[in-house]
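Asker:
Numbering (my numbering), first residue to last: 812 to 2028.
(1) Would the stretch 1797-1813 and the stretch 1779-1788 be scored as touching if the rule is three or more Cβ pairs under 8 Å?
(2) Please classify residue 1990: is it buried, with 16 or more other beta-carbons within 10 angstroms of its beta-carbon, or exposed?
(3) Helix, strand or coil: how does DSSP classify residue 1884 here?
(4) Rounded to whole angstroms, how far is the Cβ of residue 1701 from the Cβ of residue 1779, which I believe are closer than 8 Å?
(5) When DSSP labels each residue in this structure, what does residue 871 get in the three-state scheme?
(6) When you compare only the Cα positions, how much space is there between residue 1249 and residue 1224?
(7) With DSSP collapsed to three states, give me the class of residue 1805.
(8) Residue 2011 to residue 2004, Cα distance in whole Å?
(9) Compare the Cα-Cα distances from residue 1472 to each of 1509, 1490, 1447 and report the closest residue.
(10) So residue 1650 and residue 1590 are in contact, right, with Cβ under 8 Å, and what is the actual spacing, rounded?
(11) Report yes if the CB atom of residue 915 is closer than 8 Å to the CB atom of residue 967, and no otherwise.
(12) Can you say whether residue 1166 is buried or exposed, counting buried as having 16 or more other CB atoms within 10 angstroms of its CB?
(13) Suppose contacts are defined by Cβ-Cβ distances below 8 Å. Is residue 1456 in contact with residue 1521 by that definition?
(14) Classify residue 958 as helix, strand or coil using the three-state DSSP reduction.
(15) Whose C-beta lies closer than 7 Å to the C-beta of residue 1704 among residues of the same chain, with five residues either side of it excluded?
(16) Expressed to the nearest angstrom, what Euclidean distance is found between the alpha-carbon atoms of residue 1750 and residue 1717?
(17) Mind checking who residue 1647 pairs with in its DSSP beta bridge?
(18) Residue 1135 by DSSP, collapsed to three states: which one?
(19) Pop quiz: residue 1849 and residue 1647 are said to be a contact at Cβ under 8 Å. What is the actual Cβ separation, rounded to whole angstroms?
(20) In whole angstroms, give me the CA-to-CA distance for residue 1676 and residue 1563.
(21) Less than 8 Å between C-beta atoms, sequence neighbours within five positions excluded: which residues of the same chain meet that for residue 1320?
(22) Could you check how far apart the C-beta atoms of residue 941 and residue 885 are, in whole angstroms? I think they sit under 8 Å.
(23) Check whether the Cβ atoms of residue 1453 and residue 1399 sit closer than 8 Å, and answer yes or no.
(24) Under 8 Å, do residue 1092 and residue 1099 count as touching if we go by C-beta distance?
(25) Determine, for residue 1965, whether the minimum Cβ-Cβ distance to residues of chain B falls below 8 Å.
(26) By Cβ distance below 6 Å, which residues in the same chain neighbour residue 1189 in space, the five residues on each side in sequence not counted?
(27) Relative to the C-alpha of residue 1760, which candidate in 1724, 1893, 926 has its C-alpha closest?
(28) Is it buried or exposed for residue 1594, if we count other Cβ within 10 angstroms and need 16 for buried?
(29) Identify, in the order they occur along the chain, each residue of the same chain with its Cβ nearer than 7 Å to the Cβ of residue 1257, setting aside the five sequence neighbours on each side.
(30) Which same chain residues end up closer than 7 Å to residue 1822 when comparing Cβ atoms and leaving out the 5 residues on each side of it in sequence?
(31) Keeping to the same chain, check which residues put their C-beta closer than 8 Å to that of residue 1120; ignore five residues upstream and five downstream.
(32) Just how far apart, CA to CA, sit residue 1627 and residue 1878?
(33) Starting from residue 1910, follow its DSSP beta bridges and name the residues at the other end.
(34) Leaving out five residues on either side along the sequence, give the residues of the same chain with a beta carbon under 7 Å from the beta carbon of residue 1437.
(35) I think residue 1068 touches residue 887, with their Cβ atoms under 8 Å apart; what is that distance to the nearest whole Å?
(36) I'd like to know whether the C-beta atoms of residue 1410 and residue 1485 end up nearer to each other than 8 Å.
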């Protein structure tokens, strides 16, 4: 089997997405599972073949030379977006144990060096032949799995192909097929993920050069760590994926992008450019000027190679977006007038794209990228100045000289193309180019994509498009199109000047009689077609009038457009202004000066609590002390600019600790800077205070605020008062914040001499009713897209296709819901991910709030929300209606804090109502007792204050409610299905929450779970009892009826809670309640692997619930899987309510099975914990004690061992509460 046939028949076992090699997240060596390769390839090694045997250390000095050449000279080409430089560090280590990788590396290195030196080393072909032999054996063996080393080898073989005389693309196809089948490579980290990004770039370049589809599923890359990390390589990789998506939607698509699709892509490109940090941006840019005749392209200097590659792909994506702007397709003068402008924008991006490669000559990957792009985009330089065209050719010659890259075809193609399109190019029209060098090829292919006719198969060859050179009867190429009248939606000026377009039909007598002797004969033909009678003339006039009416409807039957005086607005110009403003605001010190602010309140928030506290504090500082204050998202500003804040300013940090002592997503960049980069005196002018949010059930309670406080002081910052912390373990976060706030306010008065003034509410946002808006202009309840775009999918209306009750003989409900994602191919999940479900507020609470506020008549009135302070961001969708706000966008069922109750008393409709509210809020204990007995929402509190009166709280500003109630956020549920077994169906497990209160037997309903229960009752014929919380109903059809037929708004969020890639790794799983959900998926996936003949490791599951006859969920399923696994799974259940007097929890069962636990841990087992934080804390402590006894470790050593296990991802937790 030759290399060109390698990928025509792959064994199915090699392409299973669950057979992607060993999990190396712990950094272990590769020797253990690669020893078998020494036996596997013996048949492929013959001592008589000169280069068939590799010995380590190398005996052949050439092999050693080629290895060093790869490490020092070639690896930077492939590692350009990899901060860990896997091909420079990991690959050389692994060549000793992986022959395919060794021969592939030597083949590429020797081939490149031979091309550069101009002499071919025979060893080059021998290395390549040996690699192909091993690869064929591997692909023919149904037992072996495709390993990350295999993918890396194929990447190197593809590089070998690129330097060959004839590029067949064999290994390009192979790598793409592997990634499509084993999609976890793109998200598993390590060498596999690094290689997968190189494969994407290789496919992108070839697709762009050939105007061919990208033969890969781009959705695999959405789970990559590039969307979680903020390093330079990840930012550049995001630009590569953006460029691939644009290419797939434009050049490689069978249809034109719609305006909505184009706008989303354009916005994605804009967001990428706006999101790059200051270090990523060019440090020097200089445009071409007449004073420098020697330079043809802009000078753009950047500090890192990854920066160059990232910006190259950004400019390439934007170039395509300019060309494929759907606003240019319409048959109107407006669209016609914009085409030349769009071409100018595309040419400007092309110049910047080439300028990046020319300005950074040591970044060879950027030169290769430019080479590929010029295959298709070089025609844009047809009318450029001679120095630009010559500079391109000189640049290509330099690339060839430095690297041995083959440029002859491209330079000949560009020279021929520019010669044809250049004015006065004598004799150019009579040149007959070869098909391989046809300069019309990219233009033809692009125009075929731009055409509006059907495919070739639709007309059976009756007609074809003829491309004819002016003043010549020779036809270069014939491309099939519709036999009816065909008009391209957009013809580039290049094509207009190069060719004439006509339709040649077998049955067209006109085309058959068309003279081919030049302009004179064409004139004679047109004369024959001229009207001969008055009737012909009248008919032509009528047709012309009808055509004019159709082309200019605004002057005929349509109402005149109020914007008809605007011929064309360049959105990129407007966005450029926005980007310039955004770049300016990355400097927090400059922003404070621009807005005249004295205090900045930074927040790092994961769930929104710290964010709401920061906004409240900023508002109170402004109203209570007259201090101009702005809340600030830490991710909105470059952290190093904090050092420029003047001494007369104050900074406040409100920081949440997330998960296992981690900072929130928006605080990651600040965390890295202040704890690792900030110099000892960099913050000497900063005065600050800090408050932390955490939960003492977690091991690292408030770790973030402690670390940042220490780092700030080490950098020279002055702390104004001691740090205080909130503890959410007992629900005291609100009161803890209020207590710290009063301490902070007291310091402002006593320590800084700031006078307190009478506090009076002043709105931060403006709410304006506007009845002129149409329903189509409004947000009716569709949720805003979740933050953290890289880790979350787009929110969609997803159908619940099946529901079943998991509890038996219980007054509680636990639902197993299966959600169908088959209608949304862009949604992809992996086992262990989460589903975010957007809740809907119950009808009763919505109606109650309307009633007590006296807003019932304004329920459907359109309104717009805008910020009165430029430092304030409006997060709520606008424009909208009050009804949509109360039902979908605001958490009107959120608990009412004592502080909010005291603030709303200002707007009481009567002295009695005001007095009742203030008395209730006078004491913390009194208010806490009231909350223990009553379910309190804002509507219920206001209703209770009115008593039996008919008054309403009409004085409460709507802005006050929107500022003080949190915006609606999704609730997340662990996925309980395996992406291998059910890739297009997602299962979740939801415990319906109804918490009983006090003596009055009131309950606090879980808004989302009761909403899901209501959906289940209404749309599925299943017996689920009891019903949702008494008195609750929901608007189930949703906004504009998009949620009818049992749909909910939901999205998928990526999780790091993943199975080890190697199935033989033992597992210890600890769960309580619905924490069993991800383990159901884990075990089901392992069960399938065993049925396929794979070896799976031992599994030990500890599960805690109340009673075997009530809430032992998935009991029958687990028993079936336990039997199928033939002793590989042991399930140990702890029942806490089995006996009236004695309660047993999973930590008790763990202590009793200490021996089994220690055995699996000693066997390199992985530990997984899922459930409430308190359970995870107790179970983790018990497991640590067991290992301490087993290994003779003291408490400090146990802590170090646990930290090491978590750091290497051998101990993972998915906890909440």
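Note that CB positions come from ideal geometry on N, CA and C, so glycine has one too.
This structure is a prediction, so every number in the text was calculated from the model and none was measured.
Answerer: Taking the coordinates as given:
(1) yes
(2) buried
(3) helix
(4) 6 Å
(5) coil
(6) Residue placement at residue 1249 is flagged as unreliable, the pLDDT there being 37, under the threshold of 50; a coordinate-derived value is accordingly withheld.
(7) strand
(8) 10 Å
(9) 1509
(10) Residue 1650 to residue 1590, Cβ: 17 Å. No contact.
(11) yes
(12) buried
(13) no
(14) coil
(15) 1652, 1656, 1748, 1818
(16) 16 Å
(17) 1783, 1862
(18) coil
(19) The Cβ separation is near 16 Å, so there is no contact.
(20) 36 Å
(21) With a pLDDT of only 36 at residue 1320, under 50, the local geometry of the prediction cannot be trusted, and the value read off the model is given with reservation. Answer for residue 1320: no residue qualifies.
(22) Contact flag wrong, Cβ pair sits at about 19 Å.
(23) yes
(24) no
(25) Absent here is chain B; the protein component of the structure consists of one chain.
(26) 1225
(27) 1724
(28) buried
(29) Because residue 1257 sits at a pLDDT of 38, beneath the cut-off of 50, its placement in the model cannot be relied upon, and the following sentence gives the value as read from the coordinates. So the qualifying residues of the chain are 1022, 1062.
(30) 1650, 1651, 1845
(31) 891, 892, 1047, 1050, 1051, 1174, 1176, 1177, 1180
(32) 24 Å
(33) 1878, 1940
(34) 1568
(35) That belief does not hold up - the Cβ atoms of residue 1068 and residue 887 are roughly 36 Å apart, past 8 Å.
(36) no
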